[in-house]
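Peer 1: Here the numbering used here is used: the sequence shown runs in plain steps of one and ends on residue 482. The structure's right below; bear with me while I get my questions together.
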Amino acid sequence: MAKMIYFQRIVTLSFIILFGNISTGLFAQGGYAGAFLRMGLGARSESMGRAYTAISGSAESAYFNPASVTAMQDRGIDVSMRSLSLDRRFAYLGFSTAIKPGAKSGAKSGARVPEGGVALTWIHASTTNIDGRDSDGRKFDSFSNYENAINFSFGLKFSERFSAGITARTIWNNFPGLGTDDADMSSRSIGVDLGALVSPMQNVWLGAVIKNLNSKYNWNSDKIYERGTSTKDEFPQVWRLGIATRQINNKLLVAADIEGSKKFDPRFMFGAEYMVVQNALLRAGFRDGNPTFGAAYLFEFKGVAAGLHYAFASQADEIDSDHVFSWSFAF
């Protein structure tokens, strides 16, 4: 009996590894570690094709470029969730606030004290109801996988035209109940993003960022096999360049990005947002050739500025399209 359980666990682990590669590819193109970090975040960025490197002023934008948090004027909270095909879930929660030194901060030296901002975000992705089957195809258990990331972004505005920022990130990936004693198989990592934002002229912004520095999963199967092995699964280092501009009395926002890595070919993103009437916005974009669109309604609730956001994003691999809902608050 013990041998049968052990054999089933080996079959299970083999399946999990295979499924992990498949689900990674479904979460985002590329099939590399940390794919859930390349899924975008909220409805605004998704509806604009994730062309967000040069867009600023929220926890959502801070994830794409940590330098963008310097444009925060107030405190903000973003909440987003989506239910995906194949028993997958994705959720995001973010908080951001401006840092504005007092007038006396640089009075003694006469030096200008930079303004800035900080953001804290949590990203969660999970896959449930993964069938564990033996070599005859008989199901004997169900399994799950959970990935989480906590991001802390900090940025400073060194002049009216230049800002820079950094994101420190901790990530963990967990497969519960895989070992013969239902032990977990998990890995943790720490990563860094660096970003810059430049405004060469009024209502024009240029952004640059490099992501996933030092990010990797270190796996050890000692809890699964009698003679376990270790392996390292590195996240692809990704660079992004972007441009954004506001036109037509600030009613129109247009943005474009290019993203690249040694692991995959360059990808192009484009997005636009237009205020049709007061407090009502329409958005559309393309993400590597796949169309996206969405809408938002802004309102005030008990003295707090709030917004409801929706995005529809088609997928290149022909799985079900994503419907993303977000709520934003500024206070």
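Ideal placement from N, C-alpha and C gives every residue a C-beta, glycine not left out. The structure presented is a predicted model; accordingly, all values stated were derived computationally and were not measured.
Do the segment 202-218 and the segment 353-371 meet, that is, are 3 or more Cβ pairs less than 8 Å apart?
Peer 2: Segments in contact, yes.
Peer 1: Taking only runs of the alpha helix (DSSP H) that begin and end inside the segment 189-277, which ones reach a length of at least 4 residues, in chain order?
Peer 2: Those alpha helix (DSSP H) runs which fall completely within the segment 189-277 and span 4+ residues are 194-198, 210-215.
Peer 1: Rank Glu298, Phe463, Met232 by C-alpha distance to the C-alpha of Asn441 and give the top, closest one.
Peer 2: Minimum Cα distance to Asn441 is reached at Phe463.
Peer 1: From what residue to what residue does the beta strand (DSSP E) around Glu424 run?
Peer 2: Per DSSP, Glu424 belongs to the beta strand (DSSP E) from 415-428.
Peer 1: Is it the case that the Cβ atoms of Ser337 and Asn324 are separated by a distance below 8 Å?
Peer 2: Contact: yes.
Peer 1: What distance in whole Å lies between the Cβ atoms of Phe482 and Tyr461, which are believed to be in contact at a cut-off of 8 Å?
Peer 2: Their Cβ separation, rounded to whole angstroms, is 22 Å, which puts Tyr461 and Phe482 out of contact at 8 Å.
Peer 1: Going by CA-CA distance only, name the one from Ala423, Ser293, Leu392 that's closest to Asn401.
Peer 2: Checking every option, the nearest Cα to that of Asn401 belongs to Ala423.
Peer 1: Do Val389 and Ser366 have their C-beta atoms within less than 8 Å of each other?
Peer 2: Not in contact: Val389 and Ser366 (Cβ atoms no closer than 8 Å).
Peer 1: Report all residues from its chain with a CB closer than 6 Å to the CB of Met426; omit the five preceding and five following residues, and keep chain order.
Peer 2: Here the set comprises Lys402, Leu432.
Peer 1: Within a Cβ cutoff of 6 Å, which residues of the same chain sit near Glu298, ignoring the five residues on either side of it in sequence?
Peer 2: These residues qualify, in order along the chain: Phe187, Ala276, Asn324.
Peer 1: Quick one: what does DSSP say Phe313 is sitting in, helix, strand or coil?
Peer 2: The answer is strand: DSSP assigns Phe313 an E or B state.
Peer 1: State the start and end residues of the unbroken beta strand (DSSP E) segment that holds Gln398.
Peer 2: Run containing Gln398: 389-398, per the beta strand (DSSP E) assignment.
Peer 1: What first and last residue would you give for the beta strand (DSSP E) that runs through Asn441?
Peer 2: From DSSP, the beta strand (DSSP E) with Asn441 extends over 441-452.
Peer 1: Any idea if Ile274 is buried or exposed, counting beta-carbon neighbours within 10 angstroms, 16 or more meaning buried?
Peer 2: By the neighbour-count rule (16 or more Cβ atoms within 10 Å), Ile274 is buried.
Peer 1: Beta-carbon separation of Ala210 and Asp229 under 8 Å?
Peer 2: In this structure, Asp229 lies closer than 8 Å to Ala210 by Cβ.
Peer 1: What are the start and end residues of the beta strand (DSSP E) that includes Tyr461?
Peer 2: Element bounds for Tyr461: 455-464.
Peer 1: Check the C-beta distance from Ala270 over to Val349 and give it rounded, since I have them as a contact under 8 Å.
Peer 2: About 20 Å; that fails the 8 Å criterion.
Peer 1: Below 8 Å CB to CB, which residues in the same chain sit around Met155 once its five sequence neighbours on both sides are set aside?
Peer 2: Note that Met155 scores 42 on pLDDT, short of 50, meaning its location in the model is unreliable; the coordinates nonetheless yield the value given after this. Cβ within range, chain order: n/a, list empty.
Peer 1: So the candidates are Val405, Pro417, Thr318, Phe305; which of them puts its Cα closest to the Cα of Ser196?
Peer 2: Of the listed residues, the one whose Cα sits closest to Ser196 is Val405.
Peer 1: Since Gly185 is in the beta strand (DSSP E), which residue starts that stretch and which ends it?
Peer 2: Neither: Gly185 is in no beta strand (DSSP E) and is coded neither H nor E.
Peer 1: Buried or exposed for Arg438, please, with buried defined as at least 16 other CB atoms from any protein chain shown within 10 angstroms of its CB.
Peer 2: Buried.
Peer 1: Can you grab the Cα-Cα spacing for the pair Ala258 / Pro252, in whole Å?
Peer 2: Residue placement at Ala258 is poorly supported in this model, since its pLDDT is 49, which falls under 50; the coordinates still yield a value, given next. If you take the alpha carbons of Ala258 and Pro252, they lie about 11 Å apart.
Peer 1: In three-state terms, what does DSSP make of Leu433?
Peer 2: In this structure, Leu433 counts as strand in the three-state DSSP scheme.
Peer 1: What does a CB cutoff of less than 6 Å around Arg418 pick up in its chain, not counting 5 residues either side in sequence?
Peer 2: Here the set comprises Glu410, Asp439.
Peer 1: Please say whether Ala222 and Gly208 have beta carbons closer to each other than 8 Å?
Peer 2: Their beta carbons are under 8 Å apart, which means Gly208 touches Ala222 by this criterion.
Peer 1: According to DSSP, is Ala334 helix, strand or coil?
Peer 2: Ala334 falls in the coil class under three-state DSSP.
Peer 1: From Gly176 to Gly454, what does the alpha carbon distance come to, in whole angstroms?
Peer 2: Legend: pLDDT at Gly176 = 40, less than 50; position of this residue unreliable, no value from coordinates given.
Peer 1: Is Arg289 helix, strand or coil by DSSP?
Peer 2: In this structure, Arg289 counts as coil in the three-state DSSP scheme.
Peer 1: Please classify Ser304: is it buried, with 16 or more other beta-carbons within 10 angstroms of its beta-carbon, or exposed?
Peer 2: Buried, because 16 or more other Cβ atoms sit within 10 Å of the Cβ of Ser304.
Peer 1: Closest to Pro217 by CA distance: which of Ala395, Ser247, Phe480 is it?
Peer 2: The option with the nearest alpha carbon to Pro217 is Ser247.
Peer 1: Taking only the alpha-carbon atoms, compute the straight-line gap between Leu235 and Phe215 and give it to the nearest angstrom.
Peer 2: Their backbone Cα atoms lie some 22 Å apart in a straight line.
Peer 1: Using the DSSP secondary-structure output, state which residues sit across from Phe326 in a beta bridge.
Peer 2: Looking at the DSSP assignment, Phe326 forms a beta bridge with Met336.
Peer 1: Indicate the three-state DSSP secondary structure (helix, strand or coil) for Ser174 in the structure shown.
Peer 2: Because the pLDDT at Ser174 is just 42, under 50, the model does not fix this residue reliably, and the value given afterwards should be weighed accordingly. Ser174: helix per DSSP, three-state reduction.
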